[in-house]
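Student: Quick note on numbering: our numbering labels position 22 of the sequence shown as 30, and the sequence is numbered without any gaps. Each residue gets a CB set at the ideal place from its N, CA and C atoms; glycine is no exception. Owing to the predicted nature of the structure, the values given are computational and were not obtained by experimental measurement.
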Amino acid sequence: MLELNKIYLKDCIKGMQLLPDDSIDIVIADPPYNLSKGGNWKWDNTTKLKGFGGKWEKAMENWDDMPLNEYFIFTINWLSEVKRVVKPTGSIWVHGTYHNIGIINFALQILETEIINEVIWYKRNSFPNLSGRRLTASHETILWAHTGDSKKRDYYFNYEMSKDHDYESDLIKQPSKQMRTVWDIPNNKKKEELAFGKHPTQKPERVIDRMIRISAKTGDTLLAPFSGAGTDCVVAKKLGLNYIGFELEEEYIKISEERLNNVEVGSIEMNKEHITEFSNPKEVPPSPLKKRGRPKKEVLDDLQISFNEITEDTEHQKVKPVKKKTEAIPSILKWTGSKRKQAKDIHSLFPAEYNRYIEPFLGGGALLYLAANEKSVANDIYTPVIEFWNLVKKDPERLINYYAEEWTKLQENFPDYFYEVRDRFNKNPNGFDLSFLTRTCVNGIVRFNKEGEFNNSLHLSRRGMKPNKFEKIVYQWNSKIQGVEFYNKDYREVLELAENGDLIYLDPPYAGSSNRYISNLEIQPFFEELEKLNRKGVKWMLSFDGQRGDTNLEYPVPIDLFQNKYLLSNGASTLNQVLNGQSKEVKETLYTNF
9 MLELNKIYLK DCIKGMQLLP DDSIDIVIAD PPYNLSKGGN WKWDNTTKLK GFGGKWEKAM
69 ENWDDMPLNE YFIFTINWLS EVKRVVKPTG SIWVHGTYHN IGIINFALQI LETEIINEVI
129 WYKRNSFPNL SGRRLTASHE TILWAHTGDS KKRDYYFNYE MSKDHDYESD LIKQPSKQMR
189 TVWDIPNNKK KEELAFGKHP TQKPERVIDR MIRISAKTGD TLLAPFSGAG TDCVVAKKLG
249 LNYIGFELEE EYIKISEERL NNVEVGSIEM NKEHITEFSN PKEVPPSPLK KRGRPKKEVL
309 DDLQISFNEI TEDTEHQKVK PVKKKTEAIP SILKWTGSKR KQAKDIHSLF PAEYNRYIEP
369 FLGGGALLYL AANEKSVAND IYTPVIEFWN LVKKDPERLI NYYAEEWTKL QENFPDYFYE
429 VRDRFNKNPN GFDLSFLTRT CVNGIVRFNK EGEFNNSLHL SRRGMKPNKF EKIVYQWNSK
489 IQGVEFYNKD YREVLELAEN GDLIYLDPPY AGSSNRYISN LEIQPFFEEL EKLNRKGVKW
549 MLSFDGQRGD TNLEYPVPID LFQNKYLLSN GASTLNQVLN GQSKEVKETL YTNF
């Protein structure tokens, strides 16, 4: 008899024969695709090709190379056992490509196993086609099936989960909309998924997480007939399911066991099961816009209150006041964590009177455009940023001419020149090259690797901001910051300059952030600095944490430090859309001590 929560060194067909009928709730099968044919090839990243990195090698495994008739018989045999052991309420998920998915589809039909959906897993970061003789393969197919027939569909499907859950990395899935059969999930694996080794056909945990969430429940049992590096079992354990796996290679069982030993049961919350209830349409309260006899202005006022309201019954949380009319902020230096989208909201909360304006974590400086006054102080620990701002202030013509020359060189040598500048900048970081890179890289995202090197790529579908527009923006900013003194110091040195009556806006790296160009703050010393400002009578505003989609990222800021707390929308996170494929609304918390 087989034990739960174990991966066995065993042929899956022989292993499944030891399982009772109707004992499994969900099967996720990643069988051999039967494509280890033809010649070997590999791509070694010691050969330089701009914008194309990583080491790639064709998987050539004995278990993935069978004559067609043998592969068909093998497929019928393992699917027959799957059909026997899966409950009528259960689900079967099978991975494949055009090499084998037709055989699997045919085998399921022969076995009278109904296919619920054919899912296209779109991999936007798929491996490019090197031969130039065919289209680039950018998807895999996943078949979702059940053990019943077309007249008795008892399989479990959490419809509300599929519709409402915030599925990470999918730019196609829209919030609160029905899930489609095209899933946009990047194929890259997170570091922890590869920490103990990898399998040549290893799937990202994000794909498996989605299958389990919409077709299984906490406490169910998952079967992984082709366990590989154990991803199906690892995700099952994280979501609170039991699991059984079979694998023929001892090497991969060892990897799986290491992974499983380093995750906790139920460490990721499986949302509660939702039951969709249908009620008489006449009982549904009508939309406020459709109520008769209500003046249009009254309705709009109600909507405005609803929009501005943050949460109820919170001592410090406030309804955002009516915005002051402010001018548009020209985007001069795109920067990760920029407050350009919410600068007007923050500015509307400024005190009526203050002396100097001080900003210790400047970055892209969006708020500075609205807040700068005579004797303002702006600081950043990253030297090229301050070099850039001093050029805008003191030598705008030189900066404009430089950018125009570099932009022209890029048009003449596209895309290679971008990478020449990037390499040059990483050897000698400076404000000139920073201006060019942030206006030509993907979505203007400033991204650095562990060695501190700028590593974002060129935005291939755009060719950078045109020089005439850049010139206009530089002069707009030049006129705004003439009274600003720029520093390149630790933030604590700048806070020492603050006096009673000054106003400080702080936008430090957020708790838990790993994407900023400097490491996370030491939190407790930072809070101590805020307490010093309170004692000196210095007003401050702090953007520090918030929400991403349904995820609450608020940090426990000591309640005695601040007086008020606001939750402000920052739109969708550009960084997460690009790096992780996420499309989520970001709301950030603003704390004030006044």
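Sort out for me which residues DSSP pairs residue 250 with in a bridge.
Tutor: 229
Student: Helix, strand or coil for residue 429? Go by DSSP, reduced to three states.
Tutor: helix
Student: According to DSSP, simplified to helix, strand and coil, what is residue 602?
Tutor: coil
Student: Excluding the 5 residues preceding and the 5 following residue 273 in the sequence, name in chain order all residues of the same chain whose CB lies nearer than 7 Å to its CB.
Tutor: 245, 248
Student: For residue 533, name the three-state secondary structure that DSSP assigns.
Tutor: helix
Student: Hey, would you say residue 544 sits closer than 7 Å to residue 508, going by beta carbons?
Tutor: yes
Student: With 16 as the cutoff for other CB atoms within 10 Å, does residue 210 come out buried or exposed?
Tutor: buried
Student: Which complete beta strand (DSSP E) runs does the region 140 to 196 hold, if anything under 3 residues is left out?
Tutor: 147 to 153, 190 to 192
Student: What is the DSSP secondary structure of residue 387, reduced to helix, strand or coil?
Tutor: strand
Student: Taking the alpha carbon of residue 563 as the reference point, which residue from 199, 535, 571 has its own alpha carbon closest?
Tutor: 535
Student: Does the beta-carbon distance from residue 657 to residue 259 come in below 7 Å?
Tutor: The first residue shown for the chain is 9 and the last is 602, placing residue 657 beyond what the model contains.
Student: Where in the region 335 to 409 do unbroken runs of the alpha helix (DSSP H), each at least 4 residues long, occur, reported from the N-terminal end onward?
Tutor: Here the runs fully enclosed are 351 to 356, 374 to 379, 391 to 402.
Student: Under a three-way DSSP split, which group does residue 211 fall into?
Tutor: Coil, per DSSP.
Student: Would residue 237 and residue 264 qualify as a contact pair, given that the criterion is a beta-carbon distance under 7 Å?
Tutor: yes
Student: To the nearest angstrom, how far is it from the Cα of residue 430 to the Cα of residue 471?
Tutor: 15 Å
Student: Following the continuous alpha helix (DSSP H) through residue 486, name the residue where it begins and the one where it ends.
Tutor: 475 to 488
Student: Three-state secondary structure (DSSP) at residue 259?
Tutor: helix
Student: Report the rounded CA-to-CA distance for residue 495 versus residue 436, giving the unit in angstroms.
Tutor: 20 Å
Student: What's the gap between the Cα of residue 339 and the Cα of residue 449?
Tutor: 14 Å
Student: Okay, do the region 351 to 359 and the region 370 to 383 touch, 3+ Cβ pairs below 8 Å being the bar?
Tutor: yes
Student: Measure the C-alpha to C-alpha separation of residue 103 and residue 203 and round it to an integer number of angstroms.
Tutor: Their backbone Cα atoms lie some 24 Å apart in a straight line.
Student: Please check the pair residue 10 and residue 252, which I expect to be a contact at CB under 8 Å, by giving their CB distance rounded to whole angstroms.
Tutor: 6 Å
Student: Give a yes or no on whether the C-beta atoms belonging to residue 547 and residue 505 are separated by under 7 Å.
Tutor: no
Student: Using a Cβ-Cβ cutoff of less than 6 Å, which residues in the same chain neighbour residue 337 once the five nearest sequence positions on both sides are dropped?
Tutor: 348, 351, 374, 377
Student: Determine the closest residue to residue 80 out of 124, 380, 217, 42, with distance taken between C-alpha atoms.
Tutor: 42
Student: DSSP has residue 128 in a bridge; who is on the other side?
Tutor: 149, 190
Student: Residue 17 bridges to which residues according to DSSP?
Tutor: 255
Student: Does DSSP put residue 519 in a helix, in a strand, or in coil?
Tutor: At residue 519 the pLDDT is 43, less than 50, meaning the model places this residue with poor confidence and gives no usable figure here.
Student: Under 7 Å between the Cβ atoms of residue 162 and residue 97?
Tutor: Yes. Within cutoff.
Student: Which same chain residues end up closer than 7 Å to residue 410 when comparing Cβ atoms and leaving out the 5 residues on each side of it in sequence?
Tutor: 440
Student: Please classify residue 570: does DSSP put it in a helix, a strand, or coil?
Tutor: coil
Student: Sorted by chain position, which residues of the same chain lie with C-beta nearer than 7 Å to residue 365's C-beta, five sequence neighbours on each side aside?
Tutor: 379, 380, 381, 384, 511
Student: Give me the residue from 400, 466, 433, 552 with the minimum Cα distance to residue 487.
Tutor: Ranking the options by Cα distance to residue 487, first place goes to 400.
Student: Bridge partners for residue 551 per DSSP, in chain order?
Tutor: 598
Student: Exposed or buried, residue 115, counting other C-beta atoms within 10 Å across all chains shown (16 or more means buried)?
Tutor: Counting the other CB atoms within 10 Å of its CB gives residue 115 a total of 16 or more, which places it among the buried residues.
Student: Name the two residues that bound the continuous alpha helix (DSSP H) containing residue 115.
Tutor: 109 to 118
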